[in-house]
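Student: Protein chains in written order, with full-length UniProt numbering: chain A, 1 to 680; chain B, 1 to 680.
For every residue, glycine included, the Cβ atom is placed at its ideal position computed from N, Cα and C.
So that we are looking at the same thing, I have put the structure below in structure tokens.
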């Protein structure tokens, strides 16, 4: 059956609304109005049902999920016994370990694979560095205050919330819907005045009280502090880890034997003094992050390994599709770069590597998209930027940003410190360039400029090489008018020259080495948000006699890799438990022994809830020398609940192989006899 | 030959000094005086030479070491291009990786081995938590300022520097030397007034200018900041990670299924706004640390695994030996605990585990000692504390502190928040306790106290159970005087009771479960200082035609495990380089390819300098199908410079086995043919 046309239904609702209003206006009978209203209600009900059918609601049980997070200590409010602090959360044992595994895998996937240079810089950052980077002046959010209570809100988030509220109206036409969605996506790109106008248009008021709001004004999001006892050195906690890598650019280039291009990477903490942290773990004041700065030649952004990912079809949500039909591109990455939709190979390569990494750690690829920044969102110096967004219960959420920042940061720091931050590449075949070479009349120029003649000569030589067209204009002007003003020269002064001082001749310059301020492609990972995404995507409720919560962590990131359970708490099993424990430890595999008196099914459920992928069960056969199953145990997989029987000495080996991604569970089903066990 | 008695020589110097003074005083001839002075000078020279001989100077080449640290980017000043910030340093690629490996190994050695519960708490900490913990009031250092320039100094460090200066005088007697050394060790335990007196006595002045100093005053070392946009929530950067674990005590106990004892652990950053950071990497303003809080029963601090370490002879520098002969204990740890020198098994267990861990990561055990805190150094609530000190070019340096903090922290937070922070243990065989059980005359007590009678009864019952001796005194007093005052009761009030209201009878109470605020044994690791210690202890200079710097990192912590070098940069070797690289990556082993045109010896030297333990060399035989060495490579070990020849497919396996501590290099010498290669 064809799905019913929603826009047709919406039009019918609108039309029937008009009928009702007209009847009332015309003073129709109560009966007539009631009948028309009833028809309107029916149409609305039909529309709502149809919307639900065509866009089924997420079945994600947020309340249960949040409860599990707290009860199993995945994430708890920091300083809870003191009432907590908004925007600060602690990780409990499972999430700590999950995060360690995530970071180690990230380092393998990016740093080890690409021979990146890792650095670790300080959180404390002096004013000067962040003044140059622009953070002192521009790292702000627009804030509004409740005009009566003074409560602070982030202006764009209030606008987003308003749009979400309005978008719930099923009678919106496609055009209306698109407009609201467009405003929602753009919310953080509006100026204070634009926000003011939109607040007025859509009636945005203080969330808690409904009071009117102040005009939006910028609030700097950096935490300030004083470094040293004198109170004279203003500092901040870093808002990102990137700056530390720019600081160290020269040393990193030297460390790399001046080989180019290369990438630096840093894993660390970032701080943002959020105005009013709500959305749980997504808007926090202190968060783990991991950033890469890939330094490359601004005129050659090819990537040697791009061919290995060109065939992938990533979920690309391009600028034009966001402003158009809202659909994803269907072309390969190679085609997208060739078509200029993705700006260059290096950017594309990191998008692909990011996609593969996120799949590897357990992000659902169906809930992932790369959204290109709109031109209005992008910094003036950036040439392209794609956010990897993940679909969560809060909606699509930016978790990784992959931006081509051009040479902006290095240039700003170089200008501020007068430290040269350049790299160079040598050309095997020299590049040829048409230039104008000056020939000087040393006497004329010497008489005119004396000690300053070298400055004038340098200026003209550089002009001829770097701006031959401007130089030609100068030559023409000299010939036509008999004199010309040049400068400002290196000393800041301007000089007037005459035709007898210099003549220019077209020449071909051979360029053997090119020196430049590198461009930077920056993949920036919000590790805290990704950890949260893993938690949400891993969570499901297993139906049965009683509902059971499961965290389907991939073995490679799971905190505990295995639980070890004797069938009961009899002492005869202790040596086996210890033996298995020792062999797991020898592979550095974290495990959890559960020798409690609870039923085995209950213990499986407890292990499932904290995401342990495998359970080893030791039973009477294991210790029965007469049994053919002597010295074997069962291994249960969490999601399929299937079990195999295998020798004790194989346990650590096979669990390790799966954790290290050298084999998968399905292979074990082939290799070992499957046993069928009913879990109560 | 017997070493010459230094004290005898010193006495001779002192005596001869007296002779010279006396001669001058007596108006002796110039000739006589000159002869006596000459003899004095000879004696002094002899003494100095003898001191040098008996206490040979460290051969550690600090200048070269510092140069390597900077040039190879092990550690560089943060924000160097802006002139740097005192006390802030960045880690370059090698040190980053070394630190990652260190932390991973720490987690294996402590968390995984002991099933500890890891948490990760925030750096930002609100005022309330640190007020309770005592840091707001007491986390201070005594500071003095140059009375003219205002430059700030840490008072104890000035005193230490002065003592070091005075201790260089070889003519000091043993007693004088002991006194100065005692002051030096105690430097950070003196009060402001005591420091003032010592400064006057020894003439301590401003280091840079020689100006007089202000009186010492306390300076709080925490970095302050504001949390939230309102500017109403004072916060700090945490000075230690410990508090986050106390905050989460209740949740951790629940996570552990209320099983007791248990330990929490946290790896993170600590911040101290050092007054005048000097000593390079040892006194920094932001530093990685790793802490364990082992929560245990205050009346039972045995440790189930103590027997496994009781036989070890640790380098224990006990309180009495510090104040006595300055020597280390020679007894086993088991004996030290039995003798009460180390307060309890749990403390001793963690000292032993720390010792084993530090050896494992490459700290020289000959340069390690556990120094017990003097009573004057220890917090009033602490029952014992041992610092693991490491001998560095800066002297003996505290790198790990292992303290029994009793129940101080939990009790303070519990009192401040009214949140109960207790644990309990069940006794299989109930403990019997002699108590006094009250029998009440309900009518008399009811008439006297009406609604408050329950409060009075509770008070008397509790008194009889918990303080039977006090209760007996009360009973005696009642009998003797006919009335007695009790209280303050639970409501804060006091009451007067009479003998007819209550009688007490001796009873035996059977205690099945004991509830208590746990004691905490806290091993606290200064990870930054330990990383620095590894760097210092790993460094040596290999003599030869030219001096070559070597970093002898243990394979398990080394940043790169292996370098891969084709004998020259011919393309025929590329497939082999790639093949070895892929197999190393499959074990997540970091490696460095050096296919430069430098000589192989030069490349070995480069690898040695950044501490790569193994080098694989691919030569012409490797690719020669006709050679019997086809598909084999050489593997060179950094420190012995020995090489073996082995099949390509074995390389990653054996390197991995050594890194994972499953085998050692010496085993490979048995297993594979050794090849002799001259390095230039």
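Could you tell me whether any Cβ in chain A is nearer than 8 Å to the Cβ of residue 90 (chain B)?
Tutor: Closer than 8 Å to some Cβ of chain A, the Cβ of residue 90 (chain B) qualifies, so yes.
Student: Starting from residue 146 (chain A), follow its DSSP beta bridges and name the residues at the other end.
Tutor: Answer is A:213.
Student: Mind the definition here: the segment 526-534 of chain B touches the segment 387-407 of chain B only if three or more C-beta pairs lie below 8 Å; say whether that holds.
Tutor: Contact holds: three or more Cβ-Cβ distances are below 8 Å.
Student: Please name the residue in B:545, B:467, B:476 whose C-alpha comes closest to that of residue 509 (chain B).
Tutor: Checked all of B:545, B:467, B:476; the closest Cα to residue 509 (chain B) is B:467.
Student: Taking 8 Å as the limit between beta carbons, can you name the residues of its chain near residue 16 (chain A), skipping five residues before and five after?
Tutor: 36, 39, 40, 43, listed in sequence order.
Student: Per DSSP, residue 268 (chain A) is paired with what?
Tutor: A:289, per the DSSP bridge assignment.
Student: Report the rounded CA-to-CA distance for residue 73 (chain A) versus residue 120 (chain B), giving the unit in angstroms.
Tutor: When rounded, the distance between both Cα atoms is 11 Å.
Student: Between which two residues does the beta strand (DSSP E) holding residue 526 (chain B) run?
Tutor: 519-526 is the span of the beta strand (DSSP E), which, as asked, contains residue 526 (chain B).
Student: Using 8 Å as the cut-off, can you tell me whether the segment 604-617 of chain A makes contact with the segment 542-554 of chain A, which would need three or more C-beta pairs spanning the two stretches below that distance?
Tutor: Taking 8 Å as the limit for Cβ pairs, the verdict is that the segment 542-554 of chain A does touch the segment 604-617 of chain A.
Student: Is any beta-carbon of chain A found at less than 8 Å from that of residue 729 (chain B)?
Tutor: Because chain B here runs from 1 to 680, residue 729 (chain B) falls outside it and cannot be looked at.
Student: Check for me: the beta strand (DSSP E) holding residue 232 (chain A) runs from which residue to which?
Tutor: From DSSP, residue 232 (chain A) is part of no beta strand (DSSP E); its letter is neither H nor E.
Student: Is residue 205 (chain B) closer than 8 Å to residue 213 (chain B) when the C-beta atoms are compared?
Tutor: Closer than 8 Å, so yes.
Student: Go ahead and label residue 30 (chain A) buried or exposed: buried means 16 or more other beta carbons lie within 10 angstroms of its beta carbon, across all protein chains shown.
Tutor: Under this definition residue 30 (chain A) is an exposed residue.
Student: Who pairs with residue 672 (chain B) in a beta bridge, going by DSSP?
Tutor: DSSP, once it has assigned bridges, lists no residue as partnering residue 672 (chain B).
Student: If the cut is a Cβ gap below 7 Å, which residues of chain B does residue 108 (chain A) touch?
Tutor: What residue 108 (chain A) touches in chain B: 588.
Student: Counting only runs that start and end within the segment 573-605 of chain A, where is the alpha helix (DSSP H) found for 4 or more residues in a row?
Tutor: As far as the segment 573-605 of chain A is concerned, its whole alpha helix (DSSP H) runs of at least 4 residues are 574-586.
Student: Between the segment 409-421 of chain A and the segment 77-84 of chain B, are three or more C-beta pairs nearer than 8 Å?
Tutor: Judged by Cβ distances under 8 Å, the segment 409-421 of chain A makes contact with the segment 77-84 of chain B, as three or more pairs qualify.
Student: With respect to the alpha helix (DSSP H) encompassing residue 223 (chain B), which residues constitute its N-terminal and C-terminal limits?
Tutor: Run containing residue 223 (chain B): none; DSSP gives neither H nor E here.
Student: For residue 145 (chain A), which residues of its own chain have a beta-carbon under 6 Å away from its beta-carbon, when the five flanking residues on both sides are left out?
Tutor: Closer than 6 Å at the Cβ level, and outside the excluded window around residue 145 (chain A), lie 152, 214.
Student: Flag residue 408 (chain B) as yes if its beta-carbon sits less than 8 Å from any beta-carbon of chain A, otherwise no.
Tutor: No, because no Cβ of chain A sits closer than 8 Å to the Cβ of residue 408 (chain B).
Student: Please specify which runs of the beta strand (DSSP E), each continuous and at least 3 residues long, are wholly inside the segment 405-480 of chain B, giving them in chain order.
Tutor: Fully enclosed beta strand (DSSP E) runs of 3 or longer: 423-440.
Student: Report all residues from its chain with a CB closer than 7 Å to the CB of residue 97 (chain B); omit the five preceding and five following residues, and keep chain order.
Tutor: Result list for residue 97 (chain B): 559, 590, in chain order.
Student: How far does the alpha helix (DSSP H) with residue 127 (chain A) in it extend, from its first residue to its last?
Tutor: Segment 127-133, the alpha helix (DSSP H) holding residue 127 (chain A).
Student: If you count every other CB in all the chains shown that lies within 10 Å of the CB of residue 661 (chain A), and 16 or more means buried, which is it?
Tutor: Residue 661 (chain A) is exposed by the Cβ-count criterion.
Student: Hey, residue 517 (chain B) and residue 411 (chain B) are a contact pair by Cβ (cut 8 Å); roughly how many whole angstroms apart?
Tutor: That belief holds up - the Cβ atoms of residue 517 (chain B) and residue 411 (chain B) are roughly 5 Å apart, short of 8 Å.
Student: With 8 Å set as the bound, which would you pick, yes or no: does the beta-carbon of residue 278 (chain B) sit closer than that to a beta-carbon of chain A?
Tutor: Taking Cβ atoms only, chain A never reaches closer than 8 Å to residue 278 (chain B), which makes this a no.
Student: Using a C-beta cutoff of 8 Å, does residue 216 (chain B) count as contacting chain A?
Tutor: Residue 216 (chain B) does not count as touching chain A.
Student: What residues of chain B sit near residue 129 (chain A), judged by a beta carbon separation below 8 Å?
Tutor: Within 8 Å Cβ-Cβ: 79, 82.
Student: Is the Cβ of residue 76 (chain B) closer than 8 Å to any Cβ of chain A?
Tutor: Closer than 8 Å: yes.
Student: List the residues of chain B that residue 275 (chain A) touches, going by C-beta distances under 9 Å, in chain order.
Tutor: Result: 228, 229.
Student: If you draw a straight line from the alpha carbon of residue 345 (chain A) to that of residue 130 (chain A), how long is it in whole angstroms?
Tutor: Near 30 Å, if we compare the C-alpha coordinates of residue 130 (chain A) and residue 345 (chain A).
Student: Roughly how many angstroms lie between the CA atoms of residue 272 (chain A) and residue 284 (chain A), to the nearest whole one?
Tutor: Roughly 7 Å between the two C-alpha positions.
Student: Under 8 Å, with one C-beta from each stretch per pair, do the segment 224-242 of chain B and the segment 252-260 of chain B reach the 3-pair mark?
Tutor: Because the criterion of three Cβ pairs below 8 Å is not met, the segment 224-242 of chain B and the segment 252-260 of chain B do not touch.
Student: Does the beta-carbon distance from residue 600 (chain A) to residue 565 (chain A) come in below 8 Å?
Tutor: For residue 600 (chain A) and residue 565 (chain A), yes; Cβs fall inside 8 Å.
Student: Apart from the five residues just before and just after residue 483 (chain A), which ones in its own chain have a Cβ nearer than 6 Å to its Cβ?
Tutor: Excluding sequence neighbours, residue 483 (chain A) sits near 496, 498.
Student: Measuring alpha carbon to alpha carbon, tell me which of B:666, B:519, B:557, B:190 ends up nearest residue 106 (chain B).
Tutor: When only C-alpha atoms are compared, the closest one is B:557.
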